[in-house]
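**Q**
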Amino acid sequence: MLDCLNCRLLPPSLLKKILKLLLAHTCTKMAFVEKDLLVSRETASRYLDALNESKILSKHKLGRESYYVDDALVNLLINLPSIGK
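Position 82 of the sequence shown, counting from 1, maps to 167 under this note's numbering, and the rest follow consecutively.
1. Inspect the CB distances between the region 154-165 and the region 124-134 and report whether three or more fall short of 8 Å.
2. Of the residues K114, N137, D156 and S98, which one's Cα is nearest the Cα of L40?
3. To the nearest whole angstrom, what separates the beta carbons of L142 and Y153, a pair I think is in contact under 8 Å?
4. From V124, P96 and A157, pick the residue whose C-alpha is nearest to that of K140; which is it?
5. So what does L147 bridge to, in DSSP terms?
6. Looking at C-alpha atoms only, which residue of P97, A109, L100 and L99 is the closest neighbour of V159?
7. Roughly how many whole angstroms lie between the Cα atoms of L87 and H145?
8. Rounding to the nearest angstrom, what Cα-Cα distance links L107 and D155 in this structure?
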């Protein structure tokens, strides 16, 4: 999932944190990444932009805020078969 040049340059412990963040939320924004990873706004922006450029997340602007969506996870959740049918 995180197979991109920018992602491979990150320390494994940080990649693990980013992966957990992406799996916990289908959508995130810079403030959440800053808080969850304890990084600056600039660093969070670099991480999210790298994931967007690598097509791992898609960026959507809503008002003044940019949201980053894990489209693959959203599609997986939408297409899950019903349990118990």
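Note that CB positions come from ideal geometry on N, CA and C, so glycine has one too. Note that the structure is a prediction, hence the values are computed from the model and not measured.
**A** Taking the definition as stated:
1. Flag = no, the region 154-165 and the region 124-134 do not touch.
2. One cannot answer for residue 40 here, as it falls past the ends of the chain, which runs 86 to 170.
3. 4 Å
4. A157
5. E150
6. A109
7. Here L87 scores only 47 on pLDDT, less than 50, and its place in the model should not be relied on; the value that follows carries that caveat. Each residue's alpha carbon lies about 20 Å from the other.
8. 7 Å
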